[in-house]
Structure formats: structure tokens, C-alpha cells
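The sequence shown begins at 804 in the numbering used here and counts up by one.
Backbone N, C-alpha and C define an ideal beta-carbon position, used for all residues, glycine too.
Fair warning: this is a prediction, and the values are worked out from it, not measured in the lab.
Take a look at the structure below.
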Amino acid sequence: MGTTLYEGERHKQQPDPDELPIRHRQLFTQPYDLNVRSLMSEIDAKTLHLRPLSERPRFQRQYVWSNRLASLLIESILLNIPIPPCYFVQNDDFELSVIDGQQRIYSIFRFLQNQFALTGLRVFSDLNGKRFHDLSRRSQRQIETHTLRAVIITNKSDPEIQFDVFERLNTYTMPLNAQELRNCIYRGKLNDLLSTLAEHKPWLNILGRTRPDKRLRDEELILRFFAFHIKGLASYHTPQKRWLNAVAKQGKSYTDEQLSELEHVWKRAIDKCLLLFPAQDCFRRPDRGAKRQVVNRALMDLIMTTMAQTRRAIVQRKATAFRRQFELLLHDEEFQDLISRSIDHKSRTLRRFEIWNERLVEQVF
């Protein structure tokens, strides 16, 4: 069971009956079979992006296979055993990113680069301890000419259906989360800004981290703020991931001036939050126990949205009154429930903001 960093992240979003059916969106794929030698050339030319060798796409996980597992893959190639197909996504520049098969491809790359010796082979046990350059020329050619099957999701495909495909590909493995997928489909300056802001020192202090989350969950929190700030509460709809997708897609066309303004608004909001609470208390309920350490996403939405709309001098002057009213509100049973479960549900989100504005914002500011 993974560690929960953000309160409420395990609650599943309920399906939206008004969601656009997959059959009404278009998916374009094409087969892409190539041998190992050609694949390595694509990687070297940076027309195929692989996480450990490229900053793009950031949604891919770090390489995690052991040398023994990688060795068994090489043995399968020598035995001419079919390897499951890889899946690539094509961007607008016709570059490819690996969305499924990264561990296999990078294992082959590492072996051809003589980065590990074969180990644990059962059929070709005489090859244990050997690197690629130690193999016979025949075995080297057998590996280099082995055909890998791949499927390309072309750039003609609807981005939303790409999102669905990625989720389905990961159904029976450790799934990529929504933000990891978003970073592949909606790459651009807004995503770059999210990555930069995730390294902002005051933000890391609030999260109790020394570096950004590898699964990009902290970047999604920043995107949530941008969504409320840009589109407003009235635009909110479920499933929330579609709402955030729309913001990420829109952000691909933002100007440098728009991005700079978003950066300043977010940083100023963080600064004002720290006038109200010490970093370790920001966006957290004053409960005792394990949940005390967990950032509450619902509270973050409320506090950050309010801080973005309130001048710093007013926040500084009203800080004591804010904390007093905040503590009173947290004792309200309905509000406690609204920040504790199903926090992304539309009606509960609207009600949560309604109570917040009536019981805190209007009382304090």
C-alpha cells in the first residue's frame, strides 16, 4: 500500500453520466515494428524519448528493473520469444514518447551499452557474467536484429481519448496517475511552469519535502489552484480530471505574459498563506494522529483561492481573526464532512465553498 501524501487522494471519482462517450472521440493508431538496432538509433537521435535518457516525458517512472529481470529479457530475445508490444505517443513535432514498455526498452539499451552483465539465465547459463561486448558476433546480431512490435498513438488522436487509452494500458500494472498522463498529453509551457513551481522552497516547506514528488501529485495541486483561479468555481464539473485536463490543454497556448502572471499569483498566495500559518500547519486540519501530517486538498483549494483574491496587507492585519474563525469552522460537522470525503464531487465542492465564504471570508474580510 502506497503512502498517502494528500488527504482525500484515495477517494475514487464517481463517473459523470454526461461525460463524452469514447465512441464519439477519435483514436488513430498505426503499427510500428522496428528492430533493436533501429530503436537504439531513434533514442540516440532523440526522436524517441525515454525517461532515464531524456527529461521528456516526465510522466514516465524511473528505471526499476533489476539486472536479473533485464537479463531474462535478453535471454527471451535470444530464444526469439515474442515480447509484448510497446506503446508510443506522437507529439505535434512527430517525436515519440514511450508510454508503455519503458522498462523493457531501457533494459535492452543498458545491455547494448555494456552497463550490466547477464545474470540468472536458465537456458543460456553459459552466458552468465557476460556483457554485450563479450557475446559472439552471432549473438550480438541476433539481439540487434530482433523485431520489437510497437503501436503509435498518432497526433491526430483526440487528447481525451489518449487519456483513456493510457489509463486502460495501466489497468493491470501499477497505474500512472492523472497528472503523469497529463504531462504526456498536454506538454507545453504550462506544464513546465508546474514543474518549476513544484521546486519553490516555501512550497516544499509546506509539504514537508526536500524535493518534488516523483509522481507529480504536488504539480496537480498547483494545477487545481490554477483551474479555480482561471476558470472560476462556476465552471467546476466532474469528473474533475476532465476539468483539469481542459485547463492543461488551454495552457499549451498561454503566452509568456500569462504564465508569468500565474506564477506571481501563485507565489503571492503561498506567501500570504504563510502569514496565517507556519509551514507545517498550512492546509492541514489541527487533528491529532496520522492525518495531522497530511495536506488536505479541500482546505488547500479554499485557502489558496481566498489568498489569491485578498491583498497582503489585509491578510496580515486580519491573520488572528482568520485563524480564530478557521478553528471555529473546523468544528462544524457539515464542514468537517465536506473536507473529509468525496471532496471532488461537484455538489459537495460547491457547498464547501459556500460555507467557507459565508462562515469565514465574509466574517473576516
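query: I'd like the list of long-range same chain contacts for D836, defined as Cβ closer than 6 Å, with 5 residues on each side in sequence excluded.; result: T950, R952
query: Would you kindly check if the distance between the Cβ of L1024 and the Cβ of R1071 is under 8 Å?; result: no
query: Whole angstroms are fine: how far does the CA of F897 sit from the CA of K849?; result: 11 Å
query: Can you tell me whether F862 is buried or exposed, with buried defined as 16 or more other CB within 10 angstroms of its CB?; result: Any reading at F862 needs caution, since the residue's pLDDT is 46, under 50, leaving its predicted position unreliable; the model's value is listed next. Buried is the call here.
query: Can you find the residues in the same chain that come closer than 7 Å, C-beta to C-beta, to T1109, ignoring five residues on each side of it along the sequence?; result: V1164
query: For G1035, count the other beta carbons within 10 Å of its own beta carbon; 16 or more makes it buried, fewer makes it exposed. Which is it?; result: exposed
query: Within 10 angstroms of the Cβ of L842, are there 16 or more other Cβ atoms? Answer buried if so, exposed if not.; result: buried
query: From which residue to which residue does the beta strand (DSSP E) around A953 run?; result: 953–956
query: Between which two residues does the alpha helix (DSSP H) carrying F897 extend?; result: Element bounds for F897: n/a, residue is neither H nor E.
query: Under a three-way DSSP split, which group does N980 fall into?; result: coil
query: My parser needs the alpha helix (DSSP H) runs of 4 or more residues fully inside the stretch 1011–1062; what are they?; result: 1020–1034, 1043–1054
query: Got a sec: does the ligand PLP put a non-hydrogen atom nearer than 7 Å to the Cβ of G932?; result: Here there are no bound small molecules, and the ligand PLP is not part of this structure.
query: In terms of alpha-carbon separation, which member of T1152, F1029, S942 lies closest to Q1061?; result: F1029
query: For L851, count neighbouring Cβ atoms within 10 angstroms of its own Cβ and tell me buried if that reaches 16, exposed if not.; result: buried
query: Tell me the DSSP secondary structure of D852 in three-state form.; result: Here residue 852 is His; the residue named in the question, Asp, does not match the sequence. Three-state result, H852: strand.
query: Is it a yes or a no for the stretch 1036–1048 touching the stretch 1075–1082, going by three-plus beta-carbon pairs under 8 Å?; result: no
query: Hey, would you say E1157 sits closer than 8 Å to N1048, going by beta carbons?; result: no
query: Please decide whether F969 counts as near chain C, where near means a Cβ-Cβ distance under 8 Å.; result: Absent from the structure is chain C; it holds one protein chain and no more.
query: Count the other C-beta atoms from every protein chain shown that fall within 10 angstroms of the C-beta of A1093, then say buried if there are 16 or more, exposed otherwise.; result: Caution is warranted here: a pLDDT of 49 is assigned to A1093, below 50, making its placement in the model unreliable, and the coordinate value is therefore given only provisionally. Counting Cβ neighbours within 10 Å, A1093 comes out exposed, since fewer than 16 surround it.
query: Assuming the contact rule is C-beta atoms closer than 8 Å, Q982 and L1019 should be a hit. Round their C-beta distance to whole Å, please.; result: 4 Å
query: Can you tell me the Cα-Cα spacing of I884 and R1014, whole angstroms?; result: 41 Å
query: Suppose the cutoff is 7 Å on Cβ atoms and the five residues either side in sequence are ignored; what does the same chain contact list for L993 look like?; result: A1051, G1054, K1055, Y1057, L1062
query: What does the alpha-carbon distance come out to for the pair M1107 and R1154?; result: 17 Å
query: Can you name, in chain order, every residue of its own chain whose Cβ lies under 8 Å from the Cβ of I825, other than the five neighbours on each side?; result: Note that I825 scores a pLDDT of 48, beneath 50, so its modelled location is shaky; the value from the coordinates is reported in the next line. Excluding residues within five positions, the ones whose Cβ falls inside 8 Å are I964, D967.
query: Pop quiz: F935 and F914 are said to be a contact at Cβ under 8 Å. What is the actual Cβ separation, rounded to whole angstroms?; result: 5 Å
query: Taking the beta strand (DSSP E) that L1096 belongs to, which residues open and close that run?; result: As written in the sequence, residue 1096 is Gln, which differs from the Leu given in the question. It is not in any beta strand (DSSP E) - Q1096 carries neither H nor E in the DSSP assignment.
query: Within the continuous beta strand (DSSP E) that includes Q833, where are the two ends?; result: 832–834
query: Answer with buried or exposed for L1131, where buried requires no fewer than 16 other C-beta atoms within 10 angstroms of its C-beta.; result: exposed
query: For the alpha helix (DSSP H) containing Q1112, list its first residue and its last residue.; result: Q1112 -> no alpha helix (DSSP H), and no H or E assigned at all.
query: Smallest Cα separation from D1021: which of Q906, W1006, F1125, L1102?; result: W1006
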